[in-house]
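Notes follow the structure.
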Amino acid sequence: MKKVCVLTGAGISAESGIKTFRDADGLWEGHDVQEVATPEGWARNRALVLEFYNQRRAQLRSVKPNDGHRALLKLEDQLDTVIITQNVDNLHEKAGSKHIIHLHGELTKVRSQRDPSIVLEWEDDLNEGDLCTLGSQLRPHIVWFGEGVPKLEEAIGHMVDADHILIIGTSMQVYPAASLTAYAPNQAKIYYVDPNPQLNYELSRQEDRLKIFKGPAGTKVKEAVELILTASF
Ligand code: OAD
């Protein structure tokens, strides 16, 4: 069975009402990345960081997956598919996708500051004084700038076997996620759905086997999925 690696970013959730990071009205606007998404910001002002992620977590209760998320189900039904997402939302799960790797963490989880292997499901606000069993403050289960990406090896392990790579709604600017296509075999086909696709260093070297679907995920993912299925049987 053909193997498909889907790499998603904030753009796939845009039509569900979650802002992207780097578009004009992106989420970072009004928020200093250094203050809310770095270990240093956490050390400086925990209350601010907790509030930022509490707002993001609260938003998850009201947002729903869109046709872009749902179009992937057909791929998963018919091919060996893994979704490698940079998103910390849970819209792939809500859409019914099964094999998902969250490269940058998950809003619905928190973890111990002292022992990162202590990870808890968390639906409500996280506050100062919420402690793990070791007595240490719990923090959002998010990969901040400057931190390692623990799921990277697992993602690479899938990429090296890929027949098709479907990239959706990501500016391909944040590394190491943006370098994942470089691990794919030379014959793997790459598809990129985005209204404003940006070819980074890796993709510009793979242009000969790259097909771009310029437009929103809500309509274009379905087209890309049909092409992948046609090419697979
Ligand atoms: P960006 O905000 O950098 O890029 C969003 C991409 O979505 C852009 O290429 C847009 O053109 C595209 N886009 C906008 N609307 C879309 C739509 N309706 N359909 C499809 N695409 C659309 O977001 P990411 O590339 O995901 O990390 O950012 C990567 C990482 O940067 C994030 O995971 C986050 C941030 O730092 C963490 O939170 C750790």
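Numbering (this note's numbering), first residue to last: 2 to 234. Cβ atoms here follow ideal geometry from the backbone N, Cα and C, with glycine treated the same way.
CA-to-CA distance, residue j to residue i, given in whole angstroms
i: residue 47; j: residue 85; result: 29 Å
i: residue 65; j: residue 147; result: 31 Å
i: residue 130; j: residue 151; result: 26 Å
i: residue 181; j: residue 22; result: 20 Å
i: residue 57; j: residue 229; result: 33 Å
i: residue 217; j: residue 44; result: 38 Å
i: residue 51; j: residue 187; result: 43 Å
i: residue 20; j: residue 12; result: 8 Å
Unbroken alpha helix (DSSP H) run spanning residue i, endpoints
i: residue 93; result: 92-96
i: residue 47; result: 47-61
i: residue 220; result: 218-233
i: residue 157; result: 153-160
i: residue 205; result: 202-205
Rounded distance between the beta-carbons of residue j and residue i, thought under 8 Å
i: residue 225; j: residue 214; result: 5 Å
i: residue 74; j: residue 96; result: 7 Å
i: residue 16; j: residue 219; result: 5 Å
Cβ neighbours of residue i in the same chain (closer than 8 Å, five flanking residues each side left out)
i: residue 159; result: 4, 6, 83, 85 and 102
i: residue 2; result: 80 and 81
i: residue 126; result: 51, 55, 58 and 59
i: residue 100; result: 77, 82, 83 and 84
Close Cβ partners of residue i (< 6 Å) along its chain, the five nearest in sequence each way excluded
i: residue 212; result: 192
i: residue 183; result: 203
Delimiting residues of the beta strand (DSSP E) encompassing residue i
i: residue 211; result: 211-214
i: residue 81; result: 81-86
i: residue 121; result: 120-122
Neighbourhood of residue i by C-beta, 7 Å cutoff - its chain only, sequence neighbours within 5 removed
i: residue 120; result: 110, 112 and 142
i: residue 156; result: 85, 102, 104 and 181
Within the chosen definition, does the stretch 127-146 reach the stretch 102-116 through at least 3 CB pairs nearer than 8 Å? yes
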